[in-house]
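Chemist: In short: position in the sequence shown from 1, add 11, done, that's this note's numbering. Handing you a structure now.
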Amino acid sequence: RLCQRNAAMECRVLSIQSHVVRGYVGNKSASFPLQVLGFEVDSINSVQFSNHTGYSHWKGQVLTADELHVLYEGIKLNNVHHYDYVLTGYTRDTSFLEMVVDIVQELKRANPNLVYVCDPVLGDHGSMYVPQNLYPVYKNKVVPVADIITPNQFEAELLTGKNISTEKDAVEVMDLLHAMGPDTVVITSSDLPPRLGDRFLVSLGSQLRPDGSRTTQRVRIEVPKVDAVFVGTGDLFAAMLLAWTHHYPNDLKMACEKTFSVMHHVIQRTISYAHELAGPGRRPSPPQLELRMVQSKADIEDPAIVTEATVIS
Numbered sequence: 012r013l014c015q016r017n018a019a020m021e022c023r024v025l026s027i028q029s030h031v032v033r034g035y036v037g038n039k040s041a042s043f044p045l046q047v048l049g050f051e052v053d054s055i056n057s058v059q060f061s062n063h064t065g066y067s068h069w070k071g072q073v074l075t076a077d078e079l080h081v082l083y084e085g086i087k088l089n090n091v092h093h094y095d096y097v098l099t100g101y102t103r104d105t106s107f108l109e110m111v112v113d114i115v116q117e118l119k120r121a122n123p124n125l126v127y128v129c130d131p132v133l134g135d136h137g138s139m140y141v142p143q144n145l146y147p148v149y150k151n152k153v154v155p156v157a158d159i160i161t162p163n164q165f166e167a168e169l170l171t172g173k174n175i176s177t178e179k180d181a182v183e184v185m186d187l188l189h190a191m192g193p194d195t196v197v198i199t200s201s202d203l204p205p206r207l208g209d210r211f212l213v214s215l216g217s218q219l220r221p222d223g224s225r226t227t228q229r230v231r232i233e234v235p236k237v238d239a240v241f242v243g244t245g246d247l248f249a250a251m252l253l254a255w256t257h258h259y260p261n262d263l264k265m266a267c268e269k270t271f272s273v274m275h276h277v278i279q280r281t282i283s284y285a286h287e288l289a290g291p292g293r294r295p296s297p298p299q300l301e302l303r304m305v306q307s308k309a310d311i312e313d314p315a316i317v318t319e320a321t322v323i324s
């Protein structure tokens, strides 16, 4: 990757995600952490909302596929459409998602080394929270052009048609996902039994050699559960995996340890602050649970490793 080998070359990310005026989801959750780690981030806001939809009220606008095309054409006309990474997350519209695929393919033709990091947001816990017609677009068009994907267990099962009941199943699902296109797969959360006890969640990752010949590393990570609903953590996770796989391109174990440790520090700071605001015995509200991103700048830049990954066969 040129921007990694040559210190004079900046690494530039095109992030096509949602935007909120108040709080941290989508581009607000991804841009600042990437900038802190030295990346230039160009943002296209797929939606512009007052706040995330977990609040009682929200207002705003949704970007159409035609409007996305117009913005991209403007970048092209100025000949500044040169990117090292593309990052995408939550989308609700098939034509918008198909336009994203077209843009990624064009950018890859201009830079064959471009890395597309995709969080294939489809649903969780057995149910979809995007329209059903997005599923075939993700499976047939998006995943084949992605280089790094971050599905949860439900999304990984949906994309491959295979259930995960054991670690062996998870490895087979990751191999199926590799066969669809991506070199790096991280299943961000699963229902597999944790070895450290019920207060942990199991995540798994797998990475192929750059030539796609065989798996270089498979890892298992156990992450402490937190009894709260956060919004924007998936966007932060995908951004941090982009950053740390950039810095450790052939060491998925280290990239995952850095990524999950950033998540741990940000979430712990957020939950502590939220409980302090809510007061004893009261459940924190969505505004109180907004990620404490700016306050976590030092942890984003140089996270103390608190989550260790285990290499599995």
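Glycine included, each C-beta is placed from N, C-alpha and C at the ideal position.
When you compare each of Ser-296, Val-31 and Glu-21 to Ser-67 by their alpha carbons, which one comes out closest?
Modeler: Ranking the options by Cα distance to Ser-67, first place goes to Ser-296.
Chemist: Quick check: the Cα distance between Val-31 and Ser-61, rounded to an integer number of angstroms?
Modeler: Approximately 5 angstroms between the Cα atoms of the pair.
Chemist: Which residue from Gly-208, Leu-108, Val-73 and Val-305 puts its Cα closest to that of Gly-345?
Modeler: No answer is possible for residue 345: the residues shown for the chain start at 12 and end at 324.
Chemist: Nearest-angstrom Cα distance between Ser-200 and Asp-135?
Modeler: Approximately 10 angstroms, taken between the alpha carbons.
Chemist: Would you kindly work out how many angstroms separate the C-alpha atoms of Phe-50 and Glu-21, rounded to a whole number?
Modeler: C-alpha separation (whole angstroms): 7 angstroms.
Chemist: Are the C-beta of Val-156 and some C-beta of chain D separated by less than 8 angstroms?
Modeler: Within the model displayed, chain D is absent; a lone protein chain is all it includes.
Chemist: On the premise that Asn-122 lies in contact with His-93, defined as a C-beta separation below 8 angstroms, what is that separation, rounded to the nearest angstrom?
Modeler: His-93 to Asn-122, Cβ: 7 angstroms. Contact.
Chemist: Under 8 angstroms Cβ to Cβ from Tyr-96, same chain only, skipping five residues before and after it: list those, please.
Modeler: So the list reads Cys-22, Arg-23, Val-24, Leu-25, Phe-50, Leu-125, Val-126, Tyr-127, Val-128, Leu-253 and His-257, once near-sequence residues are dropped.
Chemist: Excluding the five sequence neighbours on either side, which residues of its own chain have a C-beta within less than 7 angstroms of the C-beta of Glu-268, listed in chain order?
Modeler: Cβ neighbours of Glu-268 beyond the five flanking positions: Ile-316, Thr-318, Glu-319 and Ala-320.
Chemist: Enumerate, from N- to C-terminal direction, the unbroken alpha helix (DSSP H) stretches of 4 or more residues contained entirely within the stretch 211-293.
Modeler: DSSP runs (the alpha helix (DSSP H)) wholly in the stretch 211-293: 244-258 and 263-289.
Chemist: If you draw a straight line from the C-alpha of Asn-90 to the C-alpha of Asp-53, how long is it?
Modeler: Approximately 14 angstroms between the Cα atoms of the pair.
Chemist: Note the first and the last residue of the continuous beta strand (DSSP E) segment covering Ala-320.
Modeler: Ala-320 -> beta strand (DSSP E) spans 320-323.
Chemist: Identify, in the order they occur along the chain, each residue of the same chain with its Cβ nearer than 8 angstroms to the Cβ of Gly-208, setting aside the five sequence neighbours on each side.
Modeler: Contacts found: none.
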